[in-house]
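Protein sequence lines, in the order shown, are assigned to chains A and B. So that you can map any letter, position 239 of the first sequence is 239 in my numbering, and since no number is skipped, the others follow by simple counting. Whatever position you read off the second sequence (first residue = 1), add 609 for my numbering. For every residue, glycine included, the Cβ atom is placed at its ideal position computed from N, Cα and C. Data block below; observations after.
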Amino acid sequence: MSTVPGYHGRYLRIDLADRTSRQVPWPEGVLRRFLGGAGLGSWVLRCETPDDVDPLAPESPLVFVFSSLVGSPLTTSAKFAVLAKSPLTGRINDSLSSSHFAIAGKRTGYDAIVIVGAADGPTTLVVTPDGVRFESAETEWGLGSRETGGRVQDRLGGKRAGFQVAAIGPAGERLINFATISHDARHAGRGGLGAVMGSKRLKAIAVAGDRVVSYADPDRLVEISRDLSKRSLGPATAKYRELGTVDNLMTFNRLGSLPTRNFQSGVFAEASKLAPESLEADRNRTRSSCAACTIGCEHIYPLVRSDEGAGRENSGGVRMEYENLFALGPLCGVSDPQTVLAASARCDELGLDTISTGASIAFAMECAERGLVEIPGLRFGNGDAMLAMIDDIGNRHEWGDLLADGTRAAAERIGGGSQSFAPHVKGLELPGYEPRALQAMALGFAVGTRGADHNRSGAYEVDFSPEVGRIDASPETIELVVRVEDEAVLMDSLILCKFLRGVFEDRVAGMAELLRPVTGWDVSAEELLETAGRIVTAKKAYNIAQGWTPAEDTLPQRFFEEPLGEGSSQGAQLDPDRLAAQIRAYNLFRGWTAEGYVPADRLVALGLA
Amino acid sequence: MDSEGTSGVTVEFFGIARQRAGRTRIVVCRGLESTRLGDVLLATAERLPELAGECLDGSRPRDGYLANINARRFTVDPDTPIQAGDHVLLLAADAGG
């Protein structure tokens, strides 16, 4: 088949209900206009999703997407995207993960795998260039994702057979709205795509193959790959290599931007107990990296076994990132490192997104302290109660069943004004960036197509820049927020690790330089920026088709009514009129109406009609 | 700022800068009423040579690092005015989590 270098030129569409599959060629021009990963995924998801579909209905598609860079020697390119309509938000959701699954998946001979329908019983999909097999997963149902992956891999011939397996844990089976899809202890974590997989009774997907793509200019690709790898070892990534993302904790605390006790404060008095140096004390931290990555940002801490924690250990150690640290630590008022590590490990095993899990528990803790609910022992700082609640969420047991649907749904049922402090945007729980102290990020949260998210917007970069004040955002903020969102969507479509950002002098031009020898396209930075705008608009159009309204583009009332009470951001709060004006300006900058709808002529101009 | 303007400027270190410095903070430019960021960073590098070239590039933060004045405003401009009693934070420019 003749196609664009870097691509196979087709995707595989699998129907679990009738156990069929077929190859679908990409229409002319789609690859260049949507690239891969989150971009190409948004195109195919928009084509495949019925309007207003129930995210957990059989006809709701689940899409695994690779990119032209996967399998190339470019560092950090071994990534895949998973997309579906989120059961947590009811909006588009794209989650990325890094692992050998991406490389093996692309070697099946497809640029994407689209899964529709629902199986009769627990099923493992086995995808190779020779076809698709539908195998029973009865014996894996109920197991954690790691054990499932190991068992399926063994059954298929062990590692030598080349299979890589992505799987869901019990949380996905129980349709928990923030369940993950996992492979090799990495997770496509946000938005509950594990529940979409669970709703299809799809326990695992195993991929292997020998199909490789050609490259337009292999010599140049090797040359720039070497250069990129060399630059990836420079000062811009030293933080990630040496300390990992947990380094953010003390910095954010000093800036008064560390979400604490369900966003009641931006300062955690006991933060130093969770600082990298404290986590390292008495622990033999090890480092690791994703597949085909030279940065090596993973910092893995062993769990110390204890009688109290029996059954909660993860013998492989815990990958600790800032987001699980903040969500299961300061956000819940917990300062014991061992408890936070155990909580993170338990989330991994159950297949729970740590941000939404921590935020849901923190929300419940505040409800309990306000007397809105009676949950014995569940108070800020009670690590044992937090650990117990993680299990209850994973098992949909008692209060855990309520929290398993996320904070938006929980607040609607609890009432009592709790909606004002349920920490979500569009249903997606906020990550560890306090929006009153980082007000460009606040705008990014509000307009984000998948909800409150730091990976799709990246507007915290604007807050962490000399150009604008982080608490008194200026008119320049809008253009900068759009720019970093565009850069992020390009990285998510190519798909590259965002920790490479600092190694590019000009990120967009740098990405164009990477793409040229792979595809042979004479692509410019200007074209890539137009592509970024197209992909963001495609996501927006998807959301509009699924029922989006302008009222969703906001933040919880708490951030407008309660100024931060202590620390370096003391007194900071959001002004609703100013945020609304910023949102209107953002929408207009995108070529949409001030309210955020996409005009028909804009859809036509971007090739989205 | 203390009333006599002699308290100096406190430089706080975060992340890699803290690791290289081997401490959380130092005080420089004692006795000065006012100065500029570049002089604060030069004085810091003089006291802590481990930071020079690693986190500091002469009178500026090196690429990949930022200065922040009193935990509010980020800057890399060596001419940024600094008053006695101010706190200069030296931290990684990338806050990805």
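Return no unless some Cβ of chain B is closer than 7 Å to the Cβ of Ser568 (chain A).
Yes, its Cβ sits closer than 7 Å to a Cβ of chain B.
Based on Cα-Cα distance, which residue from A:Thr128, A:Trp141 and A:Leu564 lies nearest to Gly121 (chain A)?
When only C-alpha atoms are compared, the closest one is A:Trp141.
Spatial neighbours of Ile361 (chain A) within its chain, please: CB distance less than 6 Å, with the 5 preceding and 5 following residues excluded, ordered by chain position.
Cys332, Met386 and Met389.
Can you find a C-beta in chain A that's less than 7 Å from the C-beta of Val618 (chain B)?
So no, Val618 (chain B) is outside the interface.
Name the chain B residues that come within less than 7 Å of Phe499 (chain A), Cβ to Cβ?
Within chain B, the residues near Phe499 (chain A) are Gly705.
Please list the partners that Thr653 (chain B) has in chain A, where partner means a Cβ-to-Cβ separation under 7 Å.
Residues of chain A passing the Cβ test: none, with the nearest at roughly 17 Å.
So is Pro27 (chain A) buried or exposed if we call it buried at 16+ other beta carbons inside 10 Å?
Classification for Pro27 (chain A): exposed.
Name the DSSP bridge partner or partners of Phe622 (chain B)?
In the DSSP output, where bridge partners are listed per residue, Phe622 (chain B) has B:Leu699.
Suppose you measure from the CA of Ala17 (chain A) to the CA of Leu202 (chain A); what does that come to, to the nearest Å?
Answer to the nearest angstrom: the Cα atoms are 11 Å apart.
Name the residue from A:Met365, A:Asn324 and A:Ala167 whose alpha carbon lies nearest to the alpha carbon of Phe356 (chain A).
The question names Phe, but residue 356 (chain A) is Ser in the sequence shown. Residue A:Asn324 is the option with its Cα nearest to Ser356 (chain A).
In the DSSP assignment, find the alpha helix (DSSP H) that holds Gln338 (chain A) and state where it starts and stops.
Per DSSP, Gln338 (chain A) belongs to the alpha helix (DSSP H) from Pro337 to Leu350.
Would you say Val685 (chain B) reaches chain A, if we count a Cβ-Cβ gap shorter than 7 Å as a contact?
Yes, Val685 (chain B) lies at the interface with chain A (some Cβ there is under 7 Å from its Cβ).
For the stretch 219-252 of chain A, enumerate the residues whose C-beta is nearer than 7 Å to any C-beta of chain B, in chain order.
Going along the stretch 219-252 of chain A in chain order, one finds Pro235, Ala236, Ala238, Lys239, Glu242, Leu243, Thr245, Asp247, Asn248, Met250 and Thr251 with a Cβ nearer than 7 Å to chain B.
Applying the criterion that 16 or more other CB atoms from any shown protein chain within 10 Å of the CB defines a buried residue, is Thr108 (chain A) buried or exposed?
Thr108 (chain A) should be labelled buried.
Can you tell me whether Gly567 (chain A) is buried or exposed, with buried defined as 16 or more other CB within 10 angstroms of its CB?
Its Cβ being crowded by 16 or more others within 10 Å, Gly567 (chain A) is buried.
Just checking my contact of Leu608 (chain A) with Ala541 (chain A) at CB under 8 Å: how many whole Å lie between their CB atoms?
Right, their Cβ atoms sit about 6 Å apart.
Please report whether the beta-carbon of Asp307 (chain A) lies at a distance below 7 Å from any beta-carbon of chain B.
Since pLDDT at Asp307 (chain A) reaches only 47, below the 50 mark, its modelled position is unreliable, and no value is offered.
Based on DSSP bridge pairs, tell me the residues matched to Asn455 (chain A).
None, per the DSSP bridge assignment.
Look at the alpha carbon of Glu461 (chain A) and the alpha carbon of Leu675 (chain B), and state the distance between them as a whole number of angstroms.
For Glu461 (chain A) and Leu675 (chain B), the distance between alpha carbons rounds to 12 Å.
Taking only beta-carbon positions, decide if Phe464 (chain A) is within less than 7 Å of chain B.
Yes, Phe464 (chain A) counts as interfacial toward chain B.
Taking 7 Å as the CB-CB cut-off, is Gly533 (chain A) touching chain B?
No, no contact with chain B.
Answer with yes or no whether the minimum CB distance from Glu487 (chain A) to chain B is below 7 Å.
Cβ-Cβ to chain B under 7 Å: no for Glu487 (chain A).
Can you confirm whether Gly432 (chain A), when its beta carbon is compared against all beta carbons of chain B, has any partner nearer than 7 Å?
True, the Cβ-Cβ gap to chain B drops below 7 Å.
Let me know the secondary structure DSSP gives Arg602 (chain A) once reduced to three states.
Looking at Arg602 (chain A) - three-state DSSP - the assignment turns out to be helix.
Report the residue from A:Ala538, A:Gln557 and A:Leu564 whose alpha carbon sits nearest the alpha carbon of Val598 (chain A).
Here the closest residue by C-alpha is A:Ala538.
Would you please verify whether the beta carbon of Phe622 (chain B) is less than 7 Å from any beta carbon of chain A?
Not one chain A Cβ lies under 7 Å of Phe622 (chain B).
Whose CA, out of A:Arg91, A:Ala84, A:Lys106 and A:Ala78, lies closest to the CA of Ser97 (chain A)?
Checked all of A:Arg91, A:Ala84, A:Lys106 and A:Ala78; the closest Cα to Ser97 (chain A) is A:Ala78.
One question on the structure: do Gly71 (chain A) and Ser493 (chain A) come within less than 7 Å of each other, judged by their Cβ atoms?
For Gly71 (chain A) and Ser493 (chain A), no; Cβs fall outside 7 Å.
Which residues, in order along the stretch 268-299 of chain A, keep a beta-carbon less than 7 Å from a beta-carbon of chain B?
Under the 7 Å Cβ criterion, the stretch 268-299 of chain A contributes no residue.
Within its chain, find whatever has a CB closer than 6 Å to the CB of Phe252 (chain A); leave out the 5 residues flanking it on each side and keep chain order.
For Phe252 (chain A), where only same-chain residues beyond five positions count, the Cβ hits under 6 Å are Leu258.
Any beta-carbon of chain A closer than 7 Å to the one on Ile625 (chain B)?
So yes, Ile625 (chain B) belongs to the interface.
Could you check what DSSP says for Thr644 (chain B) in three-state terms: helix, strand or coil?
If DSSP states are grouped into helix, strand and coil, Thr644 (chain B) belongs with the strands.
Closer than 7 Å by C-beta to Glu44 (chain A): which residues in its own chain qualify, once you throw out the five before and the five after it? Chain order, please.
The sequence shown places Val at residue 44 (chain A), not Glu. The answer, listed in chain order, is Tyr11, Val63, Ala112 and Val114.
Please compile the residues from chain A whose C-beta is within a distance smaller than 9 Å of the C-beta of Leu675 (chain B).
Neighbours of Leu675 (chain B) on chain A, chain order: Phe464, Ser465 and Pro466.
Between Leu83 (chain A) and Gly41 (chain A), is the Cβ-Cβ spacing less than 7 Å?
Yes; because the gap between Cβ atoms is below 7 Å, this pair is in contact.
Would you please state the rounded distance, in angstroms, between the beta carbons of Arg613 (chain A) and Arg91 (chain A)? I believe it to be under 8 Å.
In the structure as shown, chain A begins at 1 and stops at 609. Residue 613 (chain A) is therefore absent and cannot be evaluated.
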